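At position 138 of the sequence shown the residue is numbered 138 (UniProt numbering), and the sequence of numbers has no breaks.
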Amino acid sequence: MTYPGYPGAATAPAPFPGSPEYRQLYGSSPGYPGTMPPPVAYPARRRRWRTWAGAAAAALVAAGAVFGVAALARSHGSGSVGSITDATAKDSIQRFLNALAEQDLETISRNQLCGLYDGITDRRADEAVAKLASAAYRKQYSKTEVTSIDALVPTSDLAAQVLFTMKATPAGSQRGTAERQGIAQVQLVKDQVLTCSYIPHVAMTF
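Here is the structure:
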């Protein structure tokens with residue numbers, strides 16, 4: 001003998017869809033028995049206009065930065081960098097050239113060290129470098145006079161590269177003067193423009 005609910009018990013056949021018994025059990029919608037599940041919530045799609053707006057904003061920021069750099073370069077190209085002007089650069093280069101001609105080792109070292117001179121305790125190596133620089137200059141020229149600043153290109157807010165023209169008197173027995181160009185690196189240190197380096201720009205012949 002078997003009892004309903006126990007293994008081996010006989011089970012009644014399931015009602016066929018569409019039959020009165022099926023509708024009585026599952027309702028009038030035979031497609032899905034019982035109560036329909038709640039709708040599934042899908043994540044909302046990101047609107048493309050937000051992506052385009054972000055890209056446009058980034059492009060505007062980049063354009064503004066480029067414009068600012070260009071404006072800064074234009075303002076520096078007018079013959080001044082902060083407190084470095086054509087006049088102050090010319091005076092600094094002339095003082096440095098005079099020091100080379102006169103073997104003024106302190107002035108040469110003070111310029112070449114570009115603001116570090118007062119902090120150095122042993123300056124013997126710097127004086128040796130200054131002697132070499134003076135000897136190289138006097139081997140070429142006996143006197144030089146800066147006549148014009150041809151270009152002043154900023155390398156920072158306090159420094160610039162300068163192309164200048166000078167009237168040079170050759171060393172030795174040669175007479176007369178000639179115009180020569182030179183390139184100098186100048187820097188503003190404690191309200192004083194120093195010539196940190198100088199090289200003559202000599203035309204090459206082939």
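All residues carry an ideal CB built from backbone N, CA and C; glycine is no exception.
Keep in mind the model is a prediction, meaning the values are calculated, not measured.
Cβ distance (whole Å) where residue i is taken to contact residue j below 8 Å
| i | j | result |
| --- | --- | --- |
| V189 | A89 | So it is not a contact: roughly 14 Å between Cβ atoms. |
| residue 212 | R95 | No information on residue 212 is available, as it lies outside the stretch 1 to 206 that the chain covers here. |
| A171 | K139 | 6 Å |
One or two residues paired with residue i in a DSSP bridge
| i | result |
| --- | --- |
| E179 | K167 |
| L141 | Correcting the residue type first, residue 141 is Tyr in the shown sequence and not Leu. In the DSSP output, where bridge partners are listed per residue, Y141 has P170. |
| A184 | V162 and Y198 |
| A151 | L163 |
| residue 218 | Outside the displayed span of the chain (1 to 206) sits residue 218, for which this structure offers no information. |
| S156 | A159 |
Nearest candidate by alpha-carbon position, reference residue i, set the options
| i | options | result |
| --- | --- | --- |
| R180 | S148, E102, E21 and D86 | S148 |
| G115 | L158, G176, A178 and E21 | L158 |
| A135 | R123, G176, P154 and L105 | L105 |
| A130 | A160, L113 and T155 | L113 |
| A99 | D118, P200, A133 and Q161 | A133 |
| Y198 | S83, S109 and I84 | S109 |
| M166 | P20, T85, L97 and S19 | L97 |
| V146 | G119, V153, E127 and A87 | A87 |
| E102 | Y137, I120 and A128 | Y137 |
Residue environment, residue i, which counts as buried when at least 16 other CB atoms sit within 10 Å
| i | result |
| --- | --- |
| D191 | exposed |
| T155 | exposed |
| A125 | exposed |
| I93 | buried |
Residues near residue i in its chain [Cβ-Cβ closer than 7 Å; skip 5 each side]
| i | result |
| --- | --- |
| L163 | D150, A151, Q181 and I183 |
| A168 | Y141, T144, T177, A178 and R180 |
Own chain residues within Cβ distance below 8 Å of residue i, not counting five before or after
| i | result |
| --- | --- |
| D91 | V193 |
Same chain, Cβ closer than 6 Å to residue i, neighbours up to 5 away in sequence not counted
| i | result |
| --- | --- |
| C196 | C114, Q185 and Q187 |
| S83 | L188 |
Any C-beta of chain D under 8 Å from that of residue i
| i | result |
| --- | --- |
| L163 | The question asks about chain D, but that chain is absent: this structure has only one protein chain. |
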